[in-house]
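Participant: Can you read through this structure? Questions will come right after.
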Amino acid sequence: MKHATKLSLVAGAIFALLNPMAQAQEDGISVGGAVRVNYGLKFYSDSSKDKAGDLTFDMAALKFNGKHGDWGLSSEYRFTSGTHYIKYGYGYYDATPEWQIQFGINKVPFGNRDFISNSWWFGIPYYLGFEDDHDVGIKATFDNGKWHTDLGFYKNPEYGASENKRYATDLYTGTINGTDYYNEESNQLNLRQTYTLEHDGGSTTIGGSVQWGQIYNSKTEENGDRYAIAAHLDSSFHGWNIQLQAMQYEYDAKNQEGVDPNKIGVSVVSWQYEIASKGQAYNFNIAKTIPTDWGSVKIYNDFGVMTPDTDDDSFDNSYQNVTGAAIAAGPLYIMADFVMGKNMTFSTEMDDHVGLKEAGDGWDQRININFGYYF
């Protein structure tokens, strides 16, 4: 089924072993990666229930991290059952102990510095194009242990606008539900500022993000624009963690006549769908990490809501709640999620969009378990 295929491609690069900055501190080159399989059971699908779910190949990844003096590189390429694509690939220069310059396909600095999610499923901002996105550009990062600043310019996404085989969500050129879209992202500016306060039992990071860019329409040959702003908090205390984020975004494309300006097309992981062109997204996540003799267990609940802010009053809110556990034991990392969605792409049967008019009725549920071996 299309949802199982789509979601088997989505990867949640959450395990610390896959942190490129952590693997490239000394001169030399290291090779790592991962192999993952995925189990999924959809309670709204009779065929899925009759088979007691499906176990499928998720992905294999190869990572290269190297450094020589103040110069380095970091990259990850992924192979799935249906395609392959680059997640990131960039060179960097450590100008000072506090400043690093990255050039290439690097992570766009917007929102919470790591993720605004704990689960393999990601949060709603991912499906809008604002979580764990990677584009082609240059980024300068400053970090003195408390203050962290990111300044970025991105010329365009890692793949062309008509390509849907990509790791993270970008604007799409193609046909979706009978509408022809001709939009593509270009000339994007990002600024993110955070401050980390250390306290007994943990730390708290607060910050804000701003993003602005152009939308080129190849049909009308005109440039529209887009923006997003966010406030975010990530706080840990004696194994507990809370993540909060509130954001607003708008895509203002110069579409051809007859295209509804209240929605726009995006693509990710071999699929394309529509989202409300303007809205807000709110996230509240809570987690508890429990150390063990053999590793750790993190129990979490990620909740998100997207509220459309368009001229079409028929558009409805989208909701997603993920309750799960992440188990780390040596090279093994397992994420078991119970996913509930309402009017939300990938987690509902009839609503393959975000923030448009609801076609289904109420909440849908599914189980997803991802088994990973990291090396």
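Taken in order, the sequence shown gives residues -24 to -1, 1 to 351; the numbers are from mature numbering (1 follows the signal peptide of the UniProt record, and there is no 0). Glycine included, every Cβ here is placed at the ideal spot set by N, Cα and C. This structure is a prediction, so every number in the text was calculated from the model and none was measured.
#1: Quick check: the region 331 to 340 against the region 130 to 137, are at least 3 beta-carbon pairs closer than 8 Å?
#2: Does the separation of the CB atoms of Val13 and Leu31 fall below 8 Å?
#3: Roughly how many whole angstroms lie between the Cα atoms of Lys333 and Phe351?
#4: In chain order, what residues of the same chain have a beta carbon less than 6 Å from the beta carbon of Ala312, not counting five sequence neighbours either side?
#5: Identify the continuous alpha helix (DSSP H) that holds Leu104 and give its terminal residues.
#6: Which residue wins for smallest C-alpha separation from Lys230, given the options Gly255, Lys195 and Trp247?
#7: Should Gly348 go down as buried or exposed, given a rule of 16 or more other Cβ atoms within 10 Å for buried?
#8: Could you check where the alpha helix (DSSP H) with Lys25 kicks off and where it finishes?
#9: Can you tell me whether Ala302 is helix, strand or coil according to DSSP?
#10: Between which residues of its own chain and Ser162 is the CB-CB distance below 6 Å, once the five residues before and five after are set aside?
#11: Which same chain residues, not among the five before or five after Lys264, have their C-beta less than 8 Å away from its C-beta?
#12: Which of the three DSSP states, helix, strand or coil, is assigned to Arg54?
#13: Quick one: measure Cβ to Cβ for Asp236 and Gly200, integer angstroms, because I've assumed they're closer than 8 Å.
#14: Touch check for the region 167 to 185 and the region 206 to 214: three-plus C-beta pairs under 8 Å?
#15: The beta strand (DSSP E) spanning Leu31 covers which residue range?
#16: For Ala(-12), does the count of other Cβ atoms within 10 angstroms reach 16, so buried, or fall short, so exposed?
#17: Could you tell me if Phe79 is buried or exposed, where buried requires 16 or more neighbouring beta carbons within 10 angstroms of its beta carbon?
#18: Is it true that the region 65 to 83 meets the region 160 to 179, where meeting means three or more beta-carbon pairs spaced less than 8 Å apart?
#19: Can you tell which of Phe106, Ser211, Asp285 and Asn94 has the C-alpha that lies nearest to the C-alpha of Thr180?
#20: Quick check on the DSSP output: the beta strand (DSSP E) that includes Trp247 runs from which residue to which?
#21: Ignoring anything shorter than 3 residues, give me the beta strand (DSSP E) runs that lie fully in the region 104 to 184, in order along the chain.
#22: Tell me, which residues are paired with Arg202 by DSSP?
#23: Between Ser57 and the rest of its own chain, which residues show a CB-CB distance below 6 Å, the 5 nearest in sequence each way excluded?
#24: Could you pull out every residue in the same chain whose Cβ sits closer than 6 Å to the Cβ of Tyr225, ignoring the five residues on either side in sequence?
#25: Using a threshold of 8 Å, state whether the C-beta atoms of Gly255 and Gln248 are closer than that.
#26: Mind checking whether Gly48 and Gly67 have CB atoms under 8 Å apart?
#27: In the structure shown, what three-state DSSP assignment does Lys195 receive?
#28: Can you look up Ile310 in the DSSP assignment and give me helix, strand or coil?
#29: Applying the criterion that 16 or more other CB atoms from any shown protein chain within 10 Å of the CB defines a buried residue, is Tyr158 buried or exposed?
#30: Restricting to Cα atoms, I'd like to know which of Tyr53, Thr155, Gly306 and Tyr171 is closest to Gln232.
#31: Using DSSP's beta-bridge definition, name the partner residues of Asp278.
Facilitator: Looking at the atomic coordinates:
#1: No, the region 130 to 137 does not touch the region 331 to 340.
#2: Remark: C-beta atoms of Val13 and Leu31 approach each other more closely than 8 Å.
#3: If you draw a straight line from the Cα of Lys333 to the Cα of Phe351, it comes to about 44 Å.
#4: Counting only Cβ-Cβ distances below 6 Å, and skipping sequence neighbours, we find Gly300, Ala301 and Ile345.
#5: Element bounds for Leu104: Ile100 to Leu104.
#6: Among Gly255, Lys195 and Trp247, the Cα nearest to that of Lys230 belongs to Lys195.
#7: Here Gly348 is buried, its C-beta having at least 16 other C-beta atoms within 10 Å.
#8: Looking at the DSSP string, the run of the alpha helix (DSSP H) that includes Lys25 is Asp22 to Asp26.
#9: Ala302 carries a strand assignment under DSSP once its states are collapsed to helix, strand and coil.
#10: Contacts found: Asn132, Gln190 and Tyr192.
#11: Cβ within range, chain order: Gly215, Trp216, Asn217, Lys274, Ile275 and Tyr276.
#12: The answer is strand: DSSP assigns Arg54 an E or B state.
#13: Between Gly200 and Asp236 the Cβ distance is about 14 Å, and since that is not below 8 Å, they are no contact.
#14: Verdict: yes, contact present.
#15: Where Leu31 is concerned, the enclosing beta strand (DSSP E) stretches over Asp30 to His44.
#16: Residue confidence is low: Ala(-12) scores 38 on pLDDT, short of 50, so the model does not pin down where it sits. Its coordinate-derived value is still stated next. By the neighbour-count rule (16 or more Cβ atoms within 10 Å), Ala(-12) is buried.
#17: Flag for Phe79 reads exposed.
#18: No contact exists between the region 65 to 83 and the region 160 to 179.
#19: Closest option to Thr180, Cα to Cα, is Ser211.
#20: It spans Trp247 to Ala252 - the beta strand (DSSP E) in which Trp247 sits, taken as one unbroken run.
#21: Uninterrupted beta strand (DSSP E) stretches at least 3 residues long and entirely within the region 104 to 184 occur at 110 to 119, 123 to 133, 149 to 152 and 155 to 175, given in chain order.
#22: Per DSSP, the beta-bridge partners of Arg202 are Gly189 and Tyr227.
#23: These residues qualify, in order along the chain: Phe33.
#24: These residues qualify, in order along the chain: Ala204.
#25: Gly255 places its beta carbon 8 Å or farther from that of Gln248.
#26: Yes, the Cβ-Cβ distance between Gly48 and Gly67 is below 8 Å.
#27: Coil.
#28: The DSSP-derived three-state label of Ile310 is strand.
#29: Its Cβ being crowded by 16 or more others within 10 Å, Tyr158 is buried.
#30: With distances taken between Cα atoms, Gln232 lies closest to Thr155.
#31: Asn261 and Val298.
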